[in-house]
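Residue numbers (the numbering used here): 60 to 212. Glycine residues also receive a C-beta, built at the ideal position from the N, C-alpha and C atoms. Below: the structure, in structure tokens.
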């Protein structure tokens, strides 16, 4: 009986430690991010383009999303313009511009929320619902986009 009581007390003491074990979803997200990093992308939180609310004051908070980006070498003559495209049911919509999305947009998984381009990187915004195959599609598409941007003046 004493042994059962000791085991119960030890189990009771160790039970809160189980909260520190990663969940299945957390392990999946870690695998996706590691896969992206190994294949040349960087992953960070960024504000979703166009997510600023029309609320004034301190309540104005953009929506944070995961950004998978491909670093670009600096442009030599003219800096690359900052552009973004939002994905909706109708396709890709330019944010504050009328230029169509990059050619790689058709190669991306359907879960992508937005595309972004700036001087230092091009990338995608998403919630990471997919698998490593989806990340490989993103890697391939961003490599093609970076190559297109490298050739543009």
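Measuring alpha carbon to alpha carbon, tell me which of 204, 205 and 199 ends up nearest residue 95. It is 199.
Specify the secondary structure class of residue 174 as computed by DSSP and reduced to three states. strand
Which residues share a DSSP beta bridge with residue 123? 106
Would you call the CB atoms of residue 160 and residue 144 closer than 7 angstroms? yes
Opening and closing residue of the alpha helix (DSSP H) in which residue 95 lies: 83-97
Write down the C-beta distance between residue 170 and residue 149 rounded to the nearest angstrom, noting that I regard them as a contact closer than 8 angstroms. Rounded, the Cβ-Cβ distance is 16 angstroms, inconsistent with contact.
Would residue 163 and residue 203 be called neighbours here (beta carbons separated by less than 7 angstroms)? yes
Same chain only: Cβ atoms within 7 angstroms of residue 138, ignoring 5 sequence neighbours per side: 178
Can you tell me which of the three DSSP states residue 158 falls into? coil
Grab the span of the alpha helix (DSSP H) containing residue 210 for me, first residue to last. 191-210
Does the structure place the stretch 64-74 close enough to the stretch 100-109 that three or more beta carbon pairs sit under 8 angstroms? no
Please classify residue 146 as buried or exposed, where buried requires at least 16 other C-beta atoms within 10 Å of its C-beta. buried
Residues bridged to residue 179 [DSSP beta-bridge criterion]: None, per the DSSP bridge assignment.
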